[in-house]
Structures are given as structure tokens and as C-alpha cells.
Amino acid sequence: MREPGPSVGDVVVRLPKTLPVDTSVAQARGCFADDHVQLLLLVESGRLLGTLVRDDLAEAAGGPALAHSHMAGRTIPADVSATDARRLMLSRGQRRLAVVDDDGVLLGLLCLKRRLTGFCGDADVAARAAGRGT
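In the UniProt record's numbering, the protein residues as written are 1 to 134.
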């Protein structure tokens, strides 16, 4: 039985920044220059084909970033309770998970706040972007 309260689908960032699957290692490294970026989403036609964290690129010399991507342990369905998702993320030391449906379509990004007390939403992301002048 699902924990009562909001689901992942209720607290997800619905329009996360995504990258095309042909993104290079150099381009992916450039994205990680922003310390808010913790998980890169490699997408083609709306489907999530790979995710990257900084450590995935530590040994990568170059070429396509997709070759260094992973999916296991980095996705979550939208119908999981937000409370259960937070517990899972804390137990794994993760602050970002890609939210996908059964067909691998990207539904959004689950972002645990720095204080680990709740999730960032679309309004938080927009406010941060406005504060940077972007």
C-alpha cells in the first residue's frame, strides 16, 4: 500500500533541462559547471535513454556521453509516494531521480532540496533561473 500524501508525480519538476543523446562528454562536463546540476538527462523523442552524474565522466576521455550513462537506480515511477521517494533518496545519498513512465517516457525530475527536507518544484527552478538572469 502506498504511503498517504503526495506522490512523486505531484512534486516533480515537470520541465527539466534535457540533453540530446548525441551530447559529447565535453558538453556534459560543461553542464556540470553549474553546482545545481547533479543529474543529466539524455533524451530522444521524449524517452529517457541515459542519465549521467559527474562521476560517470571521471575516466571518460571524450566521445558521446551516452556511452558512459546509466539508468539503474536513477529512475522512479510517478506513482510512488513522495515520502517513500525521499526515504529512498536519503538512503542512497541521491538528490535527483528521473521520473519515467512504464515506456521510459520522461515525466520530469525529482529534486531533493539541499536541506533534504522536501522537493524542489517548477516554481523553485523558475525563481532560481530568474535570480541568475537566465
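Cβ coordinates follow ideal geometry from the N, Cα and C atoms, glycine included.
Bridge partners - residue i, DSSP secondary structure assignment
i, result
"Cys111", "Arg96"
"Leu106", "Val100"
"Pro20", "Val43"
"Val13", "Leu109"
"residue 147", "For residue 147 there is no data in the structure shown, the boundaries of the chain being 1 and 134."
Whether residue i touches residue j by CB criterion (9 Å)
i, j, result
"Val105", "Leu48", "yes"
"Ser24", "Gly62", "yes"
"Leu112", "Gly118", "yes"
"Val53", "Pro77", "no"
"Asp79", "Gly9", "yes"
Environment of residue i [buried if 16+ CB atoms lie within 10 Å]
i, result
"Arg115", "exposed"
"Ala28", "buried"
"Ser69", "buried"
"Ser45", "exposed"
"Arg128", "exposed"
"Ala58", "exposed"
"residue 146", "Residue 146 lies beyond the residue range present for the chain, which begins at 1 and ends at 134; the question has no answer from this structure."
"Arg87", "exposed"
Spatial distance of residue i from residue j (CA atoms)
i, j, result
"Met89", "Ala65", "24 Å"
"Asp56", "Pro16", "20 Å"
"Ala60", "Leu107", "28 Å"
"Val12", "Val43", "17 Å"
"Asp36", "Arg96", "Just to set this straight, residue 36 is His in the shown sequence, not Asp. When rounded, the distance between both Cα atoms is 10 Å."
"Leu41", "Ala82", "21 Å"
"Pro6", "Val125", "19 Å"
Runs of alpha helix (DSSP H) lying entirely within the segment 43–94, each at least 4 residues, in chain order
Correct list: 82–92.
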